[in-house]
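Worksheet: the structure to be examined is printed underneath.
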Amino acid sequence: MSERKKAEDFAKEQKEISVSEFFEKNKHLLGFDNPTKSLLMAVKEAVDNSLDASEEAGILPDITVKIKQVDDNTYIVSVADNGPGIVKENVPRVFGKLLYGSKFHRLLQGRGQQGIGISSVTLYAQLTTGVPTKVWSKVESKKKTYYCELHLNTAKNEPDIIKEDEIEKDVVGEHGVKVEMEIHGRYRKTVEDYLKQTSVSNPFAKIAYTAPDGTKTIFPRSVNELPKPPKRMKPHPHGMEFGILQRLLQNTSSRTLQSFLTNEFSSVGQQSAKEICKLAKLPEDSKPQELDRAAIDKLIKGMQTAKVQRPPTDCLSPIGSAELEKSLKKEYPNAEFITSITRDPEVYRGFPFLVEVGIVYGLSDESGTKKKKEDDEKKEDTIELIRFANRVPLLYQQSACALTEAAKDVDWRRYNLSQSGNNLPSGPMKLVVHICSVWVPFMSESKEAVAAYPEIIKETKLAIQDAGRKLSSYLSGKRRAGEQKRRMQMFDRYAGEVSDAIAILTGKNDKDIEKKLKALVESRVHIKEEFVDESTDTKDVKKEEKK
Amino acid sequence: MAKDVKKELQKLGDKILQDIEKKENPSIEIPIRALSNVVFDKKLGQLTLGDKTAKRYYFNVAHAKKFMQTAMVASFSKQLIDQNIHASIRDMFYNLKRTLPDSNENTFDEQSESDPIIVDLEVAIDVLREQLHLTTDRKGIVAGNVIIQDRGDSIDWSKLGSGGWSIPSTVDEITFKKVEAEFVLVVEKNAGFERLHEDKFWQKHKCILIGTGGQPSRGTRLLIQRLNQEHKLPVYVFCDADAYGAYIYSVIKSGSISLAHVSDRISTPSAKFLGLTISDVYEYDLKKATIKAKDVDIKRAKEMLNYEWFKKNPKWQKELNLMIEKGIKAEIEALSHKGLKFMSETYLPDKLKKKDFLD
Numbered sequence: 031m032s033e034r035k036k037a038e039d040f041a042k043e044q045k046e047i048s049v050s051e052f053f054e055k056n057k058h059l060l061g062f063d064n065p066t067k068s069l070l071m072a073v074k075e076a077v078d079n080s081l082d083a084s085e086e087a088g089i090l091p092d093i094t095v096k097i098k099q100v101d102d103n104t105y106i107v108s109v110a111d112n113g114p115g116i117v118k119e120n121v122p123r124v125f126g127k128l129l130y131g132s133k134f135h136r137l138l139q140g141r142g143q144q145g146i147g148i149s150s151v152t153l154y155a156q157l158t159t160g161v162p163t164k165v166w167s168k169v170e171s172k173k174k175t176y177y178c179e180l181h182l183n184t185a186k187n188e189p190d191i192i193k194e195d196e197i198e199k200d201v202v203g204e205h206g207v208k209v210e211m212e213i214h215g216r217y218r219k220t221v222e223d224y225l226k227q228t229s230v231s232n233p234f235a236k237i238a239y240t241a242p243d244g245t246k247t248i249f250p251r252s253v254n255e256l257p258k259p260p261k262r263m264k265p266h267p268h269g270m271e272f273g274i275l276q277r278l279l280q281n282t283s284s285r286t287l288q289s290f291l292t293n294e295f296s297s298v299g300q301q302s303a304k305e306i307c308k309l310a311k312l313p314e315d316s317k318p319q320e321l322d323r324a325a326i327d328k329l330i331k332g333m334q335t336a337k338v339q340r341p342p343t344d345c346l347s348p349i350g351s352a353e354l355e356k357s358l359k360k361e362y363p364n365a366e367f368i369t370s371i372t373r374d375p376e377v378y379r380g381f382p383f384l385v386e387v388g389i390v391y392g393l394s395d396e397s398g399t400k401k402k403k404e405d406d407e408k409k410e411d412t413i414e415l416i417r418f419a420n421r422v423p424l425l426y427q428q429s430a431c432a433l434t435e436a437a438k439d440v441d442w443r444r445y446n447l448s449q450s451g452n453n454l455p456s457g458p459m460k461l462v463v464h465i466c467s468v469w470v471p472f473m474s475e476s477k478e479a480v481a482a483y484p485e486i487i488k489e490t491k492l493a494i495q496d497a498g499r500k501l502s503s504y505l506s507g508k509r510r511a512g513e514q515k516r517r518m519q520m521f522d523r524y525a526g527e528v529s530d531a532i533a534i535l536t537g538k539n540d541k542d543i544e545k546k547l548k549a550l551v552e553s554r555v556h557i558k559e560e561f562v563d564e565s566t567d568t569k570d571v572k573k574e575e576k577k
Numbered sequence: 025m026a027k028d029v030k031k032e033l034q035k036l037g038d039k040i041l042q043d044i045e046k047k048e049n050p051s052i053e054i055p056i057r058a059l060s061n062v063v064f065d066k067k068l069g070q071l072t073l074g075d076k077t078a079k080r081y082y083f084n085v086a087h088a089k090k091f092m093q094t095a096m097v098a099s100f101s102k103q104l105i106d107q108n109i110h111a112s113i114r115d116m117f118y119n120l121k122r123t124l125p126d127s128n129e130n131t132f133d134e135q136s137e138s139d140p141i142i143v144d145l146e147v148a149i150d151v152l153r154e155q156l157h158l159t160t161d162r163k164g165i166v167a168g169n170v171i172i173q174d175r176g177d178s179i180d181w182s183k184l185g186s187g188g189w190s191i192p193s194t195v196d197e198i199t200f201k202k203v204e205a206e207f208v209l210v211v212e213k214n215a216g217f218e219r220l221h222e223d224k225f226w227q228k229h230k231c232i233l234i235g236t237g238g239q240p241s242r243g244t245r246l247l248i249q250r251l252n253q254e255h256k257l258p259v260y261v262f263c264d265a266d267a268y269g270a271y272i273y274s275v276i277k278s279g280s281i282s283l284a285h286v287s288d289r290i291s292t293p294s295a296k297f298l299g300l301t302i303s304d305v306y307e308y309d310l311k312k313a314t315i316k317a318k319d320v321d322i323k324r325a326k327e328m329l330n331y332e333w334f335k336k337n338p339k340w341q342k343e344l345n346l347m348i349e350k351g352i353k354a355e356i357e358a359l360s361h362k363g364l365k366f367m368s369e370t371y372l373p374d375k376l377k378k379k380d381f382l383d
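Chains as they are written, first to last, in the numbering used here: chain A, 31 to 577; chain B, 25 to 383.
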């Protein structure tokens, strides 16, 4: 019988695990599950940060992305922006500490949320190539550029600065940030797709891209104005969860429960605060810090059942229907039909959200894909679904995403598209779905799929249906026009024989008659033909008789 | 018959051309040819076309092709008349069939498409196919003591051996030089004609014998009418004892539903039905030679009971009801059951003597 281990022995082995260590072993949770995706993640995290920073600072973003191949599976990714820059003191932590960020604790629509993104790339770089991440930051045109090279200390989750300097050389223009990361990866077209889609959802941004083979692509601005900056939002009582509420109660400066409710939450006035207390069976003047677990539970129930106004919606910043349409027209200039709609905000779990949908129909030829004949509708590919959350393209886990679920749930046959079972429809079409919210519920930290809240699925479906109706009316108009054309071609085809016959009957010139008849066909293109069925329809016969 | 067909065709063309010049939807007005627009004229004893018409438009998806085809047939006919030549309706079909430019579509695909267009044109300008210089296959045979003139040739119907004279589709231009007969006997079947011809029935009974070979052609019907009207010869029709036989008789007498527009020009209202009747079957003891009627026979007989021109005669009602009731029919060959010469030597003389006819 082996010797039994004692609790003390275990205690020696039990120690704290830092978040960094955890993610070091679980790279896939951050989206680094394969080389192709890892390269894309590096680009994506840097670009998302650049866009967020520029937009918040009120600067029209100008972003330069470069990918350089070092060897078979190593690439240098560099992203530079014209944003406000980051003050020297914060640079190492922004790029070298996980879960450090300005966005986690606030309810404001933005691209990043948790503060994991870019520092996870630093971590990934040091795990794969060991080359430190390089950052240049310039805050003001007069100041020097701060430069540093850093690693992430996984045990402490703190940045390790390897080298830092203040340099004269102009790396990022008047202000902005440039980051350069050397990582293992595999280059695929997905990077370009991501940038193209980012350009669609951020029509005010200009992105210049240099691929590993040296090809330069510019995604220009289609809108010269930044969207209205979203407002911060206090939490709404309907979305409260135990942990968050407990933290809010601990940190508040309010002295009574009632003032805590009115101060810390959106849409809660005196009346609603009183109602919440009443429903929770808690005195209005309870001290927030003194509520125990049972009381917090009661408070949550009260908050959820109380009638409270919807959360404010000025915290949302949609692309905008007109802007989205413009943007799509810029990206797909050959599309036959483009439409877009922006729905009014809705609420899930107390978080306001909003859905926008764009439809690009009839892409004749795009990047060498086989051209579909219009009348050849027998075997078409399914449509392409392009998903965005807070303007960020979602490139992976399409089938797990609530936006996909909603798109599949729509009965596309009603909008003149073919659809087999509960799948995405078929046709030469791209469907763009954008959800924006102060807090988009993602399925995982890599932010690739939206969680299936019934409110979100329902609202997304309604948005798609709105756009679908527009598509359908376009398609039926097109069909009518096609029929009209076929009809006219038929009349035109018969004109020769009819003219010859009439020439023989009347003794007049056949060419002359044909000219007149063809002119008549031409002039009748837009006139509805008379529908008189000669064989059986006696109603029409009577009409004729009356004449 | 004095109608100037050429002028009518020209008028049709002028009208369409006017429509085109007035920038209107070119149309051709055509009387409707369906039972709904067929009227039985009691006074004349004929089926006639009602006054319901429909317009065939060029700018109508459902009409356009037929419009073109009608114009083509009209112009084809105009050319025939201009050159004073005739063409068969099959000839015309092949003449007009062609593929339209830049398409896979033919002007006509089947003759079954061009045949009804001819009838449309007939009713539209109120002329006969014969007048449009369009002919059909010969159908029907005649024998008798008659001499006629056809395209300059004299033809003696009594000297044509076993065959008889084949009746052409156009008989309005033949002239009768000599007609020595007291009546016309029309036999539905060529077999019946052969029997009677061999038995020299027409010689013995001073008649003109006509075999229609089923539903009589327009030429045959016109010939019967001319013999009846120009030579005052009574016409007796000898058919099978079934609904189809009765209808053949009614077509000769009153005209057909599908050609109601030409009834007055080719029907013979005074024609009488000689036999075979179901009553005859019992009268002449032919029960053994009858055939069991099929469902379609009964159905057809029931339909005919309701035709106005069969309704007016109680004797017809009786015969049709008998057909339905007994569920039998009999062909004229049934008479051979009593011996091959029974038809010509017993049955027909007997019926003629007794004047046992249905009207």
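Where is the CB? At the ideal position from N, CA and C, for every residue including glycine.
Owing to the predicted nature of the structure, the values given are computational and were not obtained by experimental measurement.
Next item on the list: Assign B:Met-367 to one of three DSSP states: helix, strand, or coil.
Entry: helix
Check: How would you list, in chain order, the residues of chain A whose beta-carbon sits under 8 Å from the beta-carbon of B:Gln-103?
Finding: Ile-534
Next item on the list: Check each residue of the segment 33-45 of chain B: if its Cβ is closer than 7 Å to any Cβ of chain A, include it; give the result in chain order.
Entry: Leu-33, Gln-34, Leu-36, Gly-37, Asp-38, Ile-40, Leu-41, Ile-44, Glu-45
Check: Of all the options A:Leu-90, A:Val-298, A:Leu-291, which has the alpha carbon lying nearest to the alpha carbon of A:Lys-317?
Finding: A:Leu-291
Margin query: I'd like to know whether the C-beta of B:Phe-334 is nearer than 7 Å to at least one C-beta of chain A.
Written below: no
Checklist line | Expected contact under 8 Å - CB spacing of B:Ala-98 and B:Leu-33 to nearest Å | finding: 5 Å
Next item on the list: Let me know if A:Phe-383 comes out buried or exposed under the rule of 16 or more other beta-carbons within 10 Å of its beta-carbon.
Entry: buried
Notebook entry, point to check: Under a Cβ-count criterion, where at least 16 other Cβ atoms within 10 Å of its own Cβ denotes burial, should A:Ala-324 be classed as buried or exposed?
Noted result: exposed
Checklist line | Three-state secondary structure assigned by DSSP to B:Lys-39 | finding: helix
Notebook entry, point to check: Taking any Cβ of chain A, which residues in the segment 117-128 of chain B have a Cβ under 8 Å from it, in chain order?
Noted result: Leu-124, Pro-125, Asp-126, Ser-127
Item checked: Same chain only: Cβ atoms within 6 Å of A:Pro-257, ignoring 5 sequence neighbours per side -> Ser-347
Checklist line | Given 8 Å, three or more beta-carbon pairs between the segment 206-219 of chain A and the segment 151-166 of chain A | finding: yes
Item checked: A:Val-201 versus A:Gly-113: straight-line alpha-carbon distance, rounded -> 13 Å
Next item on the list: Mind checking who A:Ile-237 pairs with in its DSSP beta bridge?
Entry: A:Ile-93, A:Phe-249
Next item on the list: Go ahead and label A:Ile-197 buried or exposed: buried means 16 or more other beta carbons lie within 10 angstroms of its beta carbon, across all protein chains shown.
Entry: exposed
Margin query: Using 8 Å as the cut-off, can you tell me whether the segment 185-198 of chain B makes contact with the segment 320-331 of chain B, which would need three or more C-beta pairs spanning the two stretches below that distance?
Written below: no
Next item on the list: Pick out whichever of B:Lys-362, B:Lys-312, B:Ser-278 has its Cα sitting closest to the Cα of B:Phe-334.
Entry: B:Ser-278
Next item on the list: Go through the segment 28-93 of chain B residue by residue and report every complete run of the alpha helix (DSSP H) that reaches 4 residues or more, in order.
Entry: 29-45
Note to self: Three Cβ pairs or more, each shorter than 8 Å: is that satisfied between the segment 124-131 of chain B and the segment 520-532 of chain A?
What the structure shows: yes
Next item on the list: Please check if any C-beta of chain B sits within less than 7 Å of the C-beta of A:Lys-546.
Entry: yes
Notebook entry, point to check: First and last residue of the beta strand (DSSP E) that includes B:Leu-386?
Noted result: An answer regarding residue 386 of chain B cannot be provided, because it is not within the stretch 25 to 383 covered by chain B.
Note to self: Below 8 Å, how does it come out for the segment 481-499 of chain A and the segment 370-388 of chain A: are there three or more Cβ pairs, yes or no?
What the structure shows: yes
Checklist line | Nearest residue (CA-CA) to B:Gly-69, options B:Gln-107, B:Lys-353, B:Ser-280, B:Gly-37 | finding: B:Ser-280
Next item on the list: Quick one: give me the first and last residue of the alpha helix (DSSP H) that B:His-255 is part of.
Entry: 242-255
Next item on the list: Identify the contact partners of B:Ala-88 in chain A, using a Cβ-Cβ distance below 8 Å as the criterion.
Entry: Met-520, Phe-521, Tyr-524
Next item on the list: Could you work out which residues of chain B lie near A:Ile-543, taking near to mean beta carbons separated by less than 8 Å?
Entry: Leu-41, Ile-44
Margin query: Run through the DSSP bridge pairs and tell me what A:Arg-417 is partnered with.
Written below: A:Leu-424, A:Val-463
Next item on the list: Kindly list, in the order they appear in chain A, the residues whose Cβ is closer than 9 Å to that of B:Ser-282.
Entry: Going along chain A, no residue has its Cβ under 9 Å from B:Ser-282, so there is no contact; the nearest lies around 14 Å.
Note to self: Please list, in chain order, the chain A residues whose beta carbon lies closer than 8 Å to that of B:Lys-47.
What the structure shows: Leu-550, Ser-553
Next item on the list: Kindly identify the DSSP beta-bridge partner or partners of B:Cys-231.
Entry: B:Phe-207
Check: If you pair each beta-carbon of the segment 106-120 of chain B with each one of the segment 42-58 of chain B, do three or more pairs fall below 8 Å?
Finding: no
Next item on the list: Use the C-beta contact count for A:Glu-407: other C-beta atoms within 10 angstroms, 16 or more gives buried, fewer gives exposed.
Entry: For A:Glu-407, the pLDDT reaches just 43, beneath the cut-off of 50, and the residue's location in the model is therefore unreliable, leaving the point undetermined.
Checklist line | Which of helix, strand or coil DSSP assigns to A:Pro-484 | finding: helix
Notebook entry, point to check: Does the beta carbon of B:Phe-83 sit closer than 7 Å to a beta carbon anywhere in chain A?
Noted result: yes
Check: Going by the CB atoms, is the gap between B:Val-85 and B:Ala-284 shorter than 7 Å?
Finding: no
Item checked: Closest by C-alpha distance to B:Ile-234, when choosing among B:Gly-363, B:Ala-167, B:Val-203 -> B:Ala-167
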